[in-house]
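Structure first, commentary second.
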């Protein structure tokens with residue numbers, strides 16, 4: 178196991194460098210960040226030249242990337258165009274998005290897996306058909322429609338929640354935004370769990386456990402569910418980074434100042450340092466989440482061993 182972890186960590190290095198290089202190149206072709214910094218009025222040539230020199234934009238792209246990566250390994254993600262360090266923006270944005278992601282993941286795990294188990298054990302029955310129809314509707318409706326509808330009904334018309342989240346963003350205010358963020362993924366988790374449960378229910382090891390006289394609950398939890406969760410855990414593990422990076426719409430609807438909000442502002446103002454810095458951390462989140470998912474396989478299925 179230890180050698181496997183070391184090997185995976187070494188494999189993450191070129192993946193991290195390649196991903197950040199692609200992001201850096203794509204962000205640098207978005208447009209002229211100095212023009213975005215000056216706003217509607219065009220900067221005079223002297224000011225533009227000084228700003229490019231100050232932010233290192235007068236150097237070749239490869240040299241900018243090498244300088245950026247060198248600073249990253251020392252914990253310096255650069256400075257935003259407003260003079261604020263990107264690490265300061267991260268210190269306020271990431272805790273909010275992490276809380277939002279935790280709420281969303283809890284909805285996926287608790288509701289999604291529970292519905293998947295129920296429908297998988299009752300395949301073809303009315304409850305199975307009803308859940309499949311509901312999940313199909315949830316997948317078909319865009320997230321911004323779901324978010325605006327819940328905000329209008331629960332926040333404006335009925336007054337059950339605040340239409341916008343406060344700057345502190347406590348967990349109780351993130352329940353509805355977390356549900357909106359997790360809605361599509363929750364539907365996929367339900368369908369994936371249902372399919373996996375229905376398929377493994379006919380496996381030989383399940384029939385053997387039933388023939389040995391084991392209680393139904395133990396057969397489901399100890400044998401059927403553990404093996405059926407492998408594809409579900411894979412999806413949820415990769416979804417963690419997707420939820421953190423894809424929260425732009427949800428955070429805009431509920432006025433949450435998290436990672437999505439900062440990315441939106443960075444793209445809108447062509448602030449390359451902010452965008453590249455935040456996405457670099459999200460790449461690390463993806464890589465670590467995938468490593469943890471692979472290690473969790475051995476916990477769920479005893480037959481899986483890493484050399």
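Residue numbers (the working numbering): 178 to 484. In this text, a Cβ means the ideal position worked out from N, Cα and C, and glycines have one as well.
The DSSP assignment places no complete beta strand (DSSP E) segment of no fewer than 3 residues inside the region 304-369. For residue 422, the enclosing alpha helix (DSSP H) begins and ends at 402-422. A contact is defined here as three or more CB-CB pairs under 8 Å, and the region 385-399 fails this definition with respect to the region 432-446. Below 8 Å, enough C-beta pairs join the region 358-372 and the region 415-425 to call them touching: three or more. Closest in alpha carbon position to residue 379, among 329, 302, 402, 247, is 402.
For the pair residue 349 and residue 422, the Cα-to-Cα distance works out to about 22 Å.
Collapsing the DSSP output to three states places residue 251 in coil. DSSP places residue 183 in the uninterrupted alpha helix (DSSP H) bounded by 179-205. In this structure, residue 277 lies away from residue 475, with their beta-carbon atoms at least 8 Å apart. In summary, residue 382 is exposed, with fewer than 16 beta-carbon neighbours lying within 10 Å of its beta-carbon over all protein chains present. In the structure shown, residue 380 adopts coil according to DSSP, grouped into three states.
DSSP lists no beta-bridge partner residue for residue 264.
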